[in-house]
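A.B. asks: When we follow the numbering used here, the leftmost residue of the sequence shown carries the number 2, and every step to the right adds one.
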Amino acid sequence: MNSSTKPRSDHFVPKDAYDMEDLVECGHGRLFGPGNAKLPIGNMLMMDRITEITSDGGEYGRGQIVAELDIKPGLWFFACHFDGDPVMPGCLGLDALWQLVGFFLGWSGYPGRGRALGSGEVRFAGEVLPDAKKVIYDLSIKRVINRSLVLGIADGSVIVDGKTIYTTKSLKVGLFTPENAF
């Protein structure tokens with residue numbers, strides 16, 4: 002099978018939103034099928050739900066994915082980053098956006114295991130503190146390239162309690178199959 006086909010797992014039916022149970026199923030490889038895109042499990046899963054996913058929305062009309070993370074003072078990273086000055090590491094917000102690009106590719110039916118490949122410009126203009134309530138991740142898909150590997154490119158933002166605090170341009174995630182291993 003080459004990457005020009007878009008096979009779906011026999012049991013996968015796309016939806017326009019996903020709850021935590023769905024995200025955990027994805028993390029265990031049971032949403033898109035064996036060998037296909039997965040989310041991290043446990044502490045590295047950086048969202049509680051996907052509230053919207055479309056193939057034609059977003060700034061470029063090529064797809065959009067919106068997810069949320071409920072902030073609680075007891076989240077693991079506040080205890081270690083930093084002692085006496087708790088803040089969510091910016092790299093975790095960036096990782097959440099990469100996670101979502103990979104999810105979008107799997108949801109779109111492309112085969113392979115996702116890997117973050119880089120990003121263009123990243124800007125930080127705020128932080129997530131323990132007294133925040135909710136983080137929203139919002140991605141607009143710019144392009145999906147389907148050649149020897151599948152490459153998703155998206156612009157994204159991280160919003161905390163209504164304020165945009167991170168923006169990214171050209172986040173890149175590739176899907177790799179045994180034929181085009183990373």
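Ideal Cβ placement from N, Cα and C applies to all residues, glycine included.
Rounded to the nearest angstrom, what separates Ser4 and Thr168 at their Cα positions?
C.D. replies: For this step, residue 4 is matched to residue 3 along the sequence shown. For this step, residue 168 is matched to residue 167 along the sequence shown. At Ser4 the pLDDT is 39, less than 50, meaning the model places this residue with poor confidence; the figure from the coordinates comes in the next sentence. The straight-line gap from Cα to Cα measures roughly 30 Å.
A.B. asks: Quick check: Val161 and Val123, are their CB atoms within less than 8 Å of each other?
C.D. replies: By one-based count along the sequence shown, residue 161 stands at place 160. By one-based count along the sequence shown, residue 123 stands at place 122. No, they are not a contact pair.
A.B. asks: Taking the straight line between their C-alpha atoms, what separation do you get for Leu21 and Leu98?
C.D. replies: Stepping through the sequence shown from its first residue, residue 21 is reached at position 20. Stepping through the sequence shown from its first residue, residue 98 is reached at position 97. Rather than Leu, the amino acid found at residue 21 in this sequence is Met. One C-alpha to the other measures close to 17 Å.
A.B. asks: If we count Cβ pairs, one from each stretch, closer than 8 Å, do we get three or more for the stretch 132 to 142 versus the stretch 64 to 73?
C.D. replies: They touch, by the three-pair rule.
A.B. asks: For Val174, does the count of other Cβ atoms within 10 angstroms reach 16, so buried, or fall short, so exposed?
C.D. replies: Locating residue 174 in the sequence shown gives position 173, counting from the first residue. By the 10 Å Cβ count, Val174 comes out buried.
A.B. asks: Check whether the Cβ atoms of Glu60 and Asp17 lie closer than 8 Å to each other.
C.D. replies: Mapped onto the sequence shown, residue 60 falls at position 59. Mapped onto the sequence shown, residue 17 falls at position 16. No, the pair does not count as a contact, with Cβ atoms beyond the cut-off.
A.B. asks: What I want to know is whether the C-beta of Val25 ends up closer than 7 Å to one or more non-hydrogen atoms of the ligand FMN.
C.D. replies: As for the ligand FMN, it is missing from this structure, which has no ligand bound.
A.B. asks: Hey, could you find the ends of the beta strand (DSSP E) Leu40 is sitting in?
C.D. replies: One-based indexing of the sequence shown puts residue 40 at position 39. Where Leu40 is concerned, there is no enclosing beta strand (DSSP E), given that its DSSP letter is neither H nor E.
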